[in-house]
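So the structure is just underneath, and the comments pick up after that.
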Amino acid sequence: MVLIVSAWAVRGVTAPIRIFAEAADRLGRDVAAPPLAETGASEIRAAAHAFNLMQSRVLRLVEGRTQMLAALSHDLRTPLTLLRLRTEEVENSEEREKMLATIGEMDSMITSTLAFARGEMLSEPRRRTDLSALVASIVDDMADAGVSVSMAPAAPLPVECQPGAIKRVVANLIQNAVKYGKRADVSIFRGPDFTEVAVEDVGPGIPADMMEKVFQPFYRIEDSRSRETGGVGLGLAISQSIAQAHGGEIVLRNKESGGLRAALRLPGRPAS
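Quick note on my numbering: the sequence shown kicks off at 77 and runs consecutively.
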């Protein structure tokens, strides 16, 4: 009898903790996640109410930032359009092309910044998706476009995900591999409690002290190289944000044989 009462008491204590842990995990993935039910003992209700207030404040902060950046984006594009039109009238063709390239980079930066702030890919509903088929379609499309990319054979691998967002991550990893590492070799690995899409190249890799920095918005290892190849330093930041929203991460590792291995690692067993 004592054991039964003790087990019941322990369950009464641990159950709310588990619920709060799950809610915190959902909040980390989606600030617009459903609020906690404010039920149970008075202490639990008070804690749930405080958690919901915190979530609403975070949501308002994110929405306010997004609205501000959207307005800023609109305001910047107006003079940028006028500048582009005036640049078209420059007689020196070499100078004109340089100016247009700079304007194009500014426009790309505005677009990428807004997409990053909105987390626009993260509003997509999750659904059961064959990850192997999704990655294969990306590889096939890029190969048809002349990109140096290949993929190792992979068995069907159903997962619960936002396919459009995952597609963006994989495409970004492949593009980076081709830009900076000559080619991209893609493979899919299924672990006991995670699934990994790996993209390997034969380039120079990334200095160890910059492995974490490359995930920072607008960070570029070599500014001149990034300007030549395009991009504003948001690709990996957005990809990491998408991966984390799925409870995963982007893992970077220099290979002993040379080159970089960039992997999208998603948690959990594949969907049955």
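Just so you know, even glycine gets a beta-carbon here, dropped at the ideal spot from N, CA and C.
**Item:** Segments of 4+ residues assigned as alpha helix (DSSP H) that fall wholly inside the region 231 to 312
**Value:** 239 to 257, 299 to 305
**Request:** Answer yes or no: do A231 and V225 have a C-beta to C-beta separation smaller than 8 Å?
**Result:** Not closer than 8 Å, so no.
**Prompt:** DSSP on V327, reduced to helix/strand/coil?
**Reply:** strand
**Item:** Rounded separation between L135 and Q320 - CA only
**Value:** Taking the straight line from one Cα to the other gives about 18 Å.
**Request:** Find the nearest neighbour of S317 within the set V262, L342, F270, judged by alpha-carbon distance.
**Result:** For S317, the nearest C-alpha among the options comes from L342.
**Message:** What does the alpha-carbon distance come out to for the pair L210 and A126?
**Reply:** 41 Å
**Request:** Return yes when the C-beta of Y256 is under 7 Å from any heavy atom of the ligand SAH, and no when it is not.
**Result:** Summarising the ligand content, the structure contains no ligands, and the ligand SAH is consequently not present.
**Prompt:** Between the C-alpha atoms of I250 and V275, what's the straight-line distance to the nearest angstrom?
**Reply:** 6 Å
**Asked** Is the distance from the Cβ of M182 to the Cβ of L156 below 8 Å?
**Response** Between M182 and L156, the gap from beta carbon to beta carbon is short of 8 Å.
**Request:** Excluding the 5 residues preceding and the 5 following K331 in the sequence, name in chain order all residues of the same chain whose CB lies nearer than 8 Å to its CB.
**Result:** Result list for K331: E276, G281, R337, in chain order.
**Item:** Of the listed residues K174, R172, Q143, L112, nearest to L40 (C-alpha basis)
**Value:** Past the edges of the chain, shown from 77 to 348, lies residue 40, and the structure says nothing about it.
**Message:** Do T271 and L233 have their beta-carbon atoms positioned less than 8 Å apart in this structure?
**Reply:** yes
**Request:** Assign L310 to one of two classes, buried (16 or more other C-beta atoms within 10 Å of its C-beta) or exposed (fewer than that).
**Result:** By the neighbour-count rule (16 or more Cβ atoms within 10 Å), L310 is buried.
**Asked** Looking only at DSSP bridge pairs, what is T157 linked to?
**Response** DSSP, once it has assigned bridges, lists no residue as partnering T157.
**Asked** Which residue from S118, A124, L158, R244 puts its Cα closest to that of A99?
**Response** A124
**Request:** Just mark T154 as buried or exposed, buried being the case when its beta carbon has 16 or more other beta carbons within 10 Å.
**Result:** exposed
**Prompt:** According to DSSP, is P201 helix, strand or coil?
**Reply:** coil
**Request:** Would you kindly report the start and end of the unbroken alpha helix (DSSP H) that includes L112?
**Result:** Taken as a continuous stretch (DSSP letters only), L112 belongs to no alpha helix (DSSP H), as it is neither H nor E.
**Prompt:** Where do the ends of the alpha helix (DSSP H) carrying A221 lie?
**Reply:** Here A221 belongs to no alpha helix (DSSP H), and DSSP marks it neither H nor E.
**Message:** I need the straight-line Cα distance from V254 to I120, nearest angstrom please.
**Reply:** 53 Å
**Message:** Under DSSP, the beta strand (DSSP E) around A108 begins and ends at which residues?
**Reply:** Per DSSP, A108 is not a residue of any beta strand (DSSP E), being assigned neither H nor E.
**Request:** With A338 as the anchor, note down where its beta strand (DSSP E) starts and where it stops.
**Result:** 336 to 343
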